[in-house]
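Trainee: Sharing a structure with you now.
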Amino acid sequence: MEKKFLIKFLFITFLISFGFFCFAKEICIQVITPAKNPLTGECKEFPTPCDVPQGWQKVKSCKGLIITLEPEKKPITCKEYFWYDESNLECQGPKTFCGAFTYFGLYLFEKKEDCEKNLIENPKFKEKKKQEFKKELQEKNEFSIENISKFINKIIFFPGNIEIDGEKISINEEKIFVKKLGEGEIKILINPEKMMIKEADKTILVEGKVTIENEKLFFEEKEIKVTPHQIFEKLGIQNPLNLEMKLKLEEEIPVYWIKFIEEKKILGIFPIKIQKEMEILAQKEEIEKLKEIKRPFWFFQF
Numbered sequence: 000m001e002k003k004f005l006i007k008f009l010f011i012t013f014l015i016s017f018g019f020f021c022f023a024k025e026i027c028i029q030v031i032t033p034a035k036n037p038l039t040g041e042c043k044e045f046p047t048p049c050d051v052p053q054g055w056q057k058v059k060s061c062k063g064l065i066i067t068l069e070p071e072k073k074p075i076t077c078k079e080y081f082w083y084d085e086s087n088l089e090c091q092g093p094k095t096f097c098g099a100f101t102y103f104g105l106y107l108f109e110k111k112e113d114c115e116k117n118l119i120e121n122p123k124f125k126e127k128k129k130q131e132f133k134k135e136l137q138e139k140n141e142f143s144i145e146n147i148s149k150f151i152n153k154i155i156f157f158p159g160n161i162e163i164d165g166e167k168i169s170i171n172e173e174k175i176f177v178k179k180l181g182e183g184e185i186k187i188l189i190n191p192e193k194m195m196i197k198e199a200d201k202t203i204l205v206e207g208k209v210t211i212e213n214e215k216l217f218f219e220e221k222e223i224k225v226t227p228h229q230i231f232e233k234l235g236i237q238n239p240l241n242l243e244m245k246l247k248l249e250e251e252i253p254v255y256w257i258k259f260i261e262e263k264k265i266l267g268i269f270p271i272k273i274q275k276e277m278e279i280l281a282q283k284e285e286i287e288k289l290k291e292i293k294r295p296f297w298f299f300q301f
């Protein structure tokens, strides 16, 4: 008796379970079911009615409504870039980047020169280099103006101090700033008492401020276009004796004041020494004398 009852119980349980299974299969049959989010107006098509999220409303069609499509899956791509970021202000690479790798403060470039050009213009990089330069002023004595000009727009030189982008820095011992000029170079020498410009074997005392801006040389805001070496070369003066030179303003015009003794021979036999003093315009490439004084001193050698 108990055995028959157990068999009937199991059979009835099976029928009920099978019925629920068939009922569930009937509801979740594979049919595209459009549904709308009543809060956002978003409309999306689901593969079965059972896939419709709770709170969404089934609709006949998504036509005329906001439709959300599943994003198309694309293969992950990789590419090499030169790069820097705000935490590491140095161009690096090339490095291979793949997929979604970008983040705030990351800069990418296909060419190294583009990376370096962009980095130099970055305000944070300029400020970093400026602070490094101020520290080097306490430790080094010689600097390249070309290197400084990459991150400092304007440098003004005075006796005893320099000014970079509006900030003055005191000079307690002699510092030398080297600027390339054609195949040669000039040196700006600064110490607490005075400032000089040196080109090869010629040294000029500077009576005023000198500025380097956009790789050009200015004296008291006026561009200097001729150097002492060029002056002597164009005038054909060789081996001047007791040479003295100054760069100064004469009636608001930058001039080179030059004083020296030149040796000559009369008839190729008799030596003569002539003391010359002249002022030459510093703003023109062509030599233009504003003033010239000659004082001859005769003597003979037997």
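Heads up, the sequence shown is in the working numbering, so the first residue is 0 and it goes up one at a time.
Cβ coordinates follow ideal geometry from the N, Cα and C atoms, glycine included.
The structure displayed is predicted, hence computed values, not measured ones.
Would you kindly report the start and end of the unbroken beta strand (DSSP E) that includes N160?
Mentor: In the sequence shown, the residue the question calls residue 160 occupies position 161. Looking at the DSSP string, the run of the beta strand (DSSP E) that includes N160 is N160 to I163.
Trainee: Got a sec, what are the start and stop residues for the alpha helix (DSSP H) N241 sits in?
Mentor: As a working mapping, residue 241 is identified with position 242 in the sequence shown. Where N241 is concerned, there is no enclosing alpha helix (DSSP H), although the beta strand (DSSP E) it sits in stretches over L240 to E249.
Trainee: Let me know the secondary structure DSSP gives F81 once reduced to three states.
Mentor: Locating residue 81 in the sequence shown gives position 82, counting from the first residue. Strand.
Trainee: Is the Cβ-Cβ distance between E41 and P33 less than 7 Å?
Mentor: Translated into the one-based positions of the sequence shown, residue 41 becomes position 42. Translated into the one-based positions of the sequence shown, residue 33 becomes position 34. No, the Cβ-Cβ distance between E41 and P33 is not below 7 Å.
Trainee: Excluding the five sequence neighbours on either side, which residues of its own chain have a C-beta within less than 8 Å of the C-beta of D164, listed in chain order?
Mentor: By 1-based counting over the sequence shown, the position of residue 164 is 165. Result list for D164: K129, I151, N152 and K153, in chain order.
Trainee: Using the beta-carbon count (16 or more within 10 Å), is V205 buried or exposed?
Mentor: Within the sequence shown, the letter at position 206 stands for residue 205. Buried is the call here.
Trainee: Check each candidate in L107, P191 and K283 and name the one with the smallest Cα separation from L88.
Mentor: The sequence position of residue 88 within the sequence shown is 89, counting from 1. Out of L107, P191 and K283, L107 has the C-alpha closest to the C-alpha of L88.
Trainee: Determine the contact status of I189 and I196, defining contact as a CB-CB distance below 7 Å.
Mentor: If you number the sequence shown from 1, residue 189 lands on position 190. If you number the sequence shown from 1, residue 196 lands on position 197. No, the Cβ-Cβ distance between I189 and I196 is not below 7 Å.
Trainee: Could you pull out every residue in the same chain whose Cβ sits closer than 6 Å to the Cβ of E262, ignoring the five residues on either side in sequence?
Mentor: Here residue 262 corresponds to residue number 263 of the sequence shown, with the count starting at 1. Around E262: K272.
Trainee: Does the Cβ-Cβ distance between I286 and Y255 come in under 7 Å?
Mentor: Within the sequence shown, residue 286 is the residue found at index 287, counting from 1. Within the sequence shown, residue 255 is the residue found at index 256, counting from 1. No, the pair does not count as a contact, with Cβ atoms beyond the cut-off.
Trainee: According to DSSP, simplified to helix, strand and coil, what is N190?
Mentor: For this step, residue 190 is matched to residue 191 along the sequence shown. Coil.
Trainee: Indicate whether K293 and K264 have their beta-carbon atoms separated by less than 7 Å.
Mentor: Taking the first residue of the sequence shown as position 1, residue 293 is located at position 294. Taking the first residue of the sequence shown as position 1, residue 264 is located at position 265. Cβ distance not < 7 Å, so K293 and K264 don't count as in contact.
Trainee: I need the DSSP call for E172, collapsed to helix, strand or coil.
Mentor: Looking up residue 172 in the sequence shown gives position 173. Looking at E172 - three-state DSSP - the assignment turns out to be coil, as it is neither helix nor strand.
Trainee: Could you please give me the residues that DSSP links to K320 through a beta bridge?
Mentor: Coverage of the chain is limited to positions 0 through 301, which leaves residue 320 absent and any answer about it impossible.
Trainee: Hey, C77 and T95: beta-carbon distance below 7 Å or not?
Mentor: Here residue 77 refers to the residue found at position 78 when the sequence shown is read from its first residue. Here residue 95 refers to the residue found at position 96 when the sequence shown is read from its first residue. The answer is yes: Cβ separation under 7 Å.
Trainee: Tell me whether the beta-carbon of I211 lies closer than 7 Å to the beta-carbon of I119.
Mentor: On the sequence shown, residue 211 is found 212 positions in, with the first residue counted as 1. On the sequence shown, residue 119 is found 120 positions in, with the first residue counted as 1. Result no, Cβ atoms of I211 and I119 do not sit closer than 7 Å.
Trainee: Relative to the alpha-carbon of K247, which residue among L38, I236, F217 and K125 has its alpha-carbon at the smallest distance?
Mentor: Residue 247 sits at position 248 when you count from the first residue of the sequence shown. Distance from the Cα of K247 is smallest, within the candidate group L38, I236, F217 and K125, for F217.
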